[in-house]
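Asker:
2 protein chains.
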Amino acid sequence: MEARQHTDRHYDAELQELNVKILEMGGLVEKQIGNAISALVQRDDQRARMTIETDHTVNRLDVEIDDLCLRLLALHQPTAKDLRLITTALKITTDIERIGDMAVNICERTLELNQEPQLKPLIDIPRMADIARTMLRESLDAFVREDVDLALKVCRDDDAIDDLTNQLFRELSSYMIESPQTITRAIRLLFIAKYLERIADHSTNISEMVVFMVRGKSIRHLDHIPPSV
Amino acid sequence: MEARQHTDRHYDAELQELNVKILEMGGLVEKQIGNAISALVQRDDQRARMTIETDHTVNRLDVEIDDLCLRLLALHQPTAKDLRLITTALKITTDIERIGDMAVNICERTLELNQEPQLKPLIDIPRMADIARTMLRESLDAFVREDVDLALKVCRDDDAIDDLTNQLFRELSSYMIESPQTITRAIRLLFIAKYLERIADHSTNISEMVVFMVRGKSIRHLDHIPPSV
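Chain order of the listed sequences is Y and F.
So the first sequence is residues 1 to 229, counted in our numbering.
So the second sequence is residues 1001 to 1229, counted in our numbering.
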């Protein structure tokens, strides 16, 4: 980390702690997504309920990271790159926390779906979940490693999710048209696809903020993701 | 504003500018929601397209506010309450910007809906939109006036939106079951209800951050909103 204004060891340790806590929070939420989808695919109520419970730990980390950021800003009054790092961390936690909320929403729809017979074998949704999880992990890796190329890759991957949602939308629509008794279940699956889309959106937002943090340039509101910045 | 560490006039002016810009951005987004719903109710393609265009201005303000916050943090190194004010502003802009995205999404679904005959007269959706807009306005008023009671009111209003979404879900489901040719349109309307639900969620998040800013206490992850803090 270049252009560091403060070199005291305590400050370095706290910055390090910030990275560790963000990765910890991200890892937890990544696991939440995986468990939510397993609960859905295996029709496992207990796993859904346990995943909902994990949300407390995610929320605790959210508050802890915010506190740490405020302490770093107040005590060390960083400037330039460190300032961008800490303010980015502040913004990123909101996205991670909401990704956790999406995992909880998936579990809630799963508990509802498990009360009725399975509509169809799930193929697209687990595939979307894999992409979304990878996007989350890579966006946080990009943050910790200050890796702009990886952040840009995440932004580009967002299209794959949108394509899969549209495909699922068409497939579920024909189910519903053919047999109206599937409508409620199909809509719940569609909502789950939408939650995964939002997870991908949040990961994209994190990545855009990482680009700003490292380069000091905003790509947030561009129509196309540039190959490099 | 008590406990101010810096009393120089320039700093005060910049803090004032921060409030003005946040209200400006909030006002724009509030108008976007209103226009999106008018475009939907009046089946007005042109208004939908114009509303999508406004998004550039919202995005410009988002970048400007972030820049201003970073400048305030770097040059004035505020502590205590001012530090919380500026970091809250940084987080709030993300929410306001995403509310703008939701208005754009409503317009996109509207353009699709306008290509088919109207499914039904819209009653619940405009009502939800009114509540969501009020929640946004009040959450930003609460921020500027540091009004905890108003912020807590916004958090409580979130339930009304959830009730209306559930009601609409049931109503649209019976439409779809009775006449499968309505399915695509009904789902688009359901997505619009979900966007409004997210606008209400973002406004609730803003309000929770205002409570933290003023009281230094987090109510973000409580199961029930207390009557006062």
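Yeah, the Cβ is synthetic: ideal placement off N, Cα and C, and Gly gets one too.
Taking the alpha helix (DSSP H) that Glu171/Y belongs to, which residues open and close that run?
Answerer: Here the alpha helix (DSSP H) through Glu171/Y covers Val148 to Glu178.
Asker: Quick one: Cα of Ile177/Y to Cα of Pro1180/F, how far?
Answerer: 5 Å
Asker: Please work out which residues of its chain come closer than 6 Å, Cβ to Cβ, to Phe143/Y, disregarding the five sequence neighbours upstream and downstream, and give them in chain order.
Answerer: The answer, listed in chain order, is Val210.
Asker: Identify the contact partners of Ala74/Y in chain F, using a Cβ-Cβ distance below 9 Å as the criterion.
Answerer: Those are Gln1077, Pro1078, Thr1079, Ala1080 and Leu1083, listed as they occur along chain F.
Asker: With a cut-off of 8 Å on the beta carbons, I'd call Arg1109/F and Ile1192/F a contact; round off their distance for me.
Answerer: 5 Å
Asker: Distance cutoff 8 Å, beta carbons only. Does Met1176/F sit that close to anything in chain Y?
Answerer: yes
Asker: Say whether chain F places a C-beta atom closer than 8 Å to the C-beta of Pro180/Y.
Answerer: yes
Asker: What does Ser1038/F touch in chain Y if you count any residue whose Cβ is under 7 Å from its own?
Answerer: Residues of chain Y passing the Cβ test: none, with the nearest at roughly 25 Å.
Asker: Check whether the Cβ atoms of Val951/F and Ser1139/F lie closer than 8 Å to each other.
Answerer: Outside the shown range of chain F, which is 1001 to 1229, sits residue 951/F, and nothing can be said about it.
Asker: Using only the alpha-carbon positions, how far apart do Arg1049/F and Cys1107/F sit?
Answerer: 7 Å
Asker: What is the DSSP secondary structure of Ser203/Y, counted as helix, strand or coil?
Answerer: helix
Asker: Is the shortest distance between the beta-carbon of Ser207/Y and the beta-carbons of chain F less than 8 Å?
Answerer: no
Asker: Report the rounded CA-to-CA distance for Ile1199/F versus Gln16/Y, giving the unit in angstroms.
Answerer: CA-CA distance, Ile1199/F to Gln16/Y, rounds to 35 Å.
Asker: At a Cβ cut of 7 Å, what residues of the segment 120-138 of chain Y count as close to chain F, listed as they run along the chain?
Answerer: The segment 120-138 of chain Y vs chain F, Cβ under 7 Å: nothing.
Asker: For the segment 161-176 of chain Y, enumerate the residues whose C-beta is nearer than 8 Å to any C-beta of chain F, in chain order.
Answerer: Phe169, Ser173 and Met176
Asker: Using beta-carbon positions only, say whether Glu24/Y and Leu61/Y come within less than 8 Å of one another.
Answerer: yes
Asker: Look at Ala1129/F and Val1029/F and say whether their C-beta atoms are less than 8 Å apart.
Answerer: no
Asker: Rounded to whole angstroms, what is the Cα-Cα separation between Leu1122/F and Arg133/Y?
Answerer: 37 Å
Asker: Which parts of the segment 49-132 of chain Y are runs of the beta strand (DSSP E), unbroken and 3 residues or longer, counting only runs that do not cross its ends?
Answerer: Listed in chain order, there is nothing to give.
Asker: Answer yes or no: does any C-beta atom of chain Y fall closer than 8 Å to that of Ile1183/F?
Answerer: yes
Asker: Buried or exposed for Val1058/F, please, with buried defined as at least 16 other CB atoms from any protein chain shown within 10 angstroms of its CB.
Answerer: buried
Asker: Have a look at Ala1080/F, Arg1084/F, Ser1218/F and Ala1089/F and flag the residue whose alpha-carbon is nearest the alpha-carbon of Leu1068/F.
Answerer: Ala1089/F
Asker: Counting only Cβ pairs nearer than 8 Å, list the residues of chain F close to Ile187/Y.
Answerer: In chain order: Phe1169, Ser1173, Ile1187 and Leu1190.
Asker: Measuring alpha carbon to alpha carbon, tell me which residue in Pro1078/F, Ser1038/F, Asp1147/F and Gly1026/F is nearest Tyr1011/F.
Answerer: Nearest C-alpha to Tyr1011/F among Pro1078/F, Ser1038/F, Asp1147/F and Gly1026/F: Pro1078/F.
Asker: Under 8 Å between C-beta atoms, does His6/Y make it to chain F?
Answerer: At His6/Y, the pLDDT of 47 sits below 50, so the modelled position is not reliable and the matter cannot be decided from this model.
Asker: Alpha carbon to alpha carbon, how far is Gly1216/F from Ala1183/F? Give it in angstroms, no decimals.
Answerer: It should be noted that the sequence gives Ile, not Ala, for residue 1183/F. Straight-line Cα distance between these residues: approximately 48 Å.
Asker: Can you tell which of Ala1080/F, Ile1125/F and Ile1219/F has the C-alpha that lies nearest to the C-alpha of Ile1161/F?
Answerer: Ile1125/F
Asker: Buried or exposed for Gly100/Y, please, with buried defined as at least 16 other CB atoms from any protein chain shown within 10 angstroms of its CB.
Answerer: Buried, since its Cβ has 16 or more Cβ neighbours within 10 Å.
Asker: Quick one, are the C-beta atoms of Leu1070/F and Leu83/Y less than 8 Å apart?
Answerer: Pairing Leu1070/F with Leu83/Y gives a Cβ-Cβ distance under 8 Å.
Asker: Only counting the same chain, and skipping five residues up and downstream in sequence, which positions put a Cβ closer than 7 Å to that of Val1041/F?
Answerer: Closer than 7 Å at the Cβ level, and outside the excluded window around Val1041/F, lie Leu1122 and Pro1126.
Asker: Does the beta carbon of Lys194/Y sit closer than 8 Å to a beta carbon anywhere in chain F?
Answerer: So yes, Lys194/Y belongs to the interface.
Asker: Distance cutoff 8 Å, beta carbons only. Does Lys1091/F sit that close to anything in chain Y?
Answerer: yes
Asker: Looking only at its chain, what residues have a beta carbon closer than 8 Å to the beta carbon of Val148/Y, apart from the 5 residues adjacent to it on each side?
Answerer: Ala142, Val210, Val211, Val214, Arg215, Ser228 and Val229
Asker: Excluding the five sequence neighbours on either side, which residues of its own chain have a C-beta within less than 6 Å of the C-beta of Glu2/Y, listed in chain order?
Answerer: With a pLDDT of 44 at Glu2/Y, under the threshold of 50, the modelled position of this residue cannot be trusted, and the question is left open.
Asker: Find the nearest neighbour of Leu1164/F within the set Arg1137/F, Glu1097/F, Asp1044/F and Lys1194/F, judged by alpha-carbon distance.
Answerer: Comparing Cα positions, the closest option is Lys1194/F.
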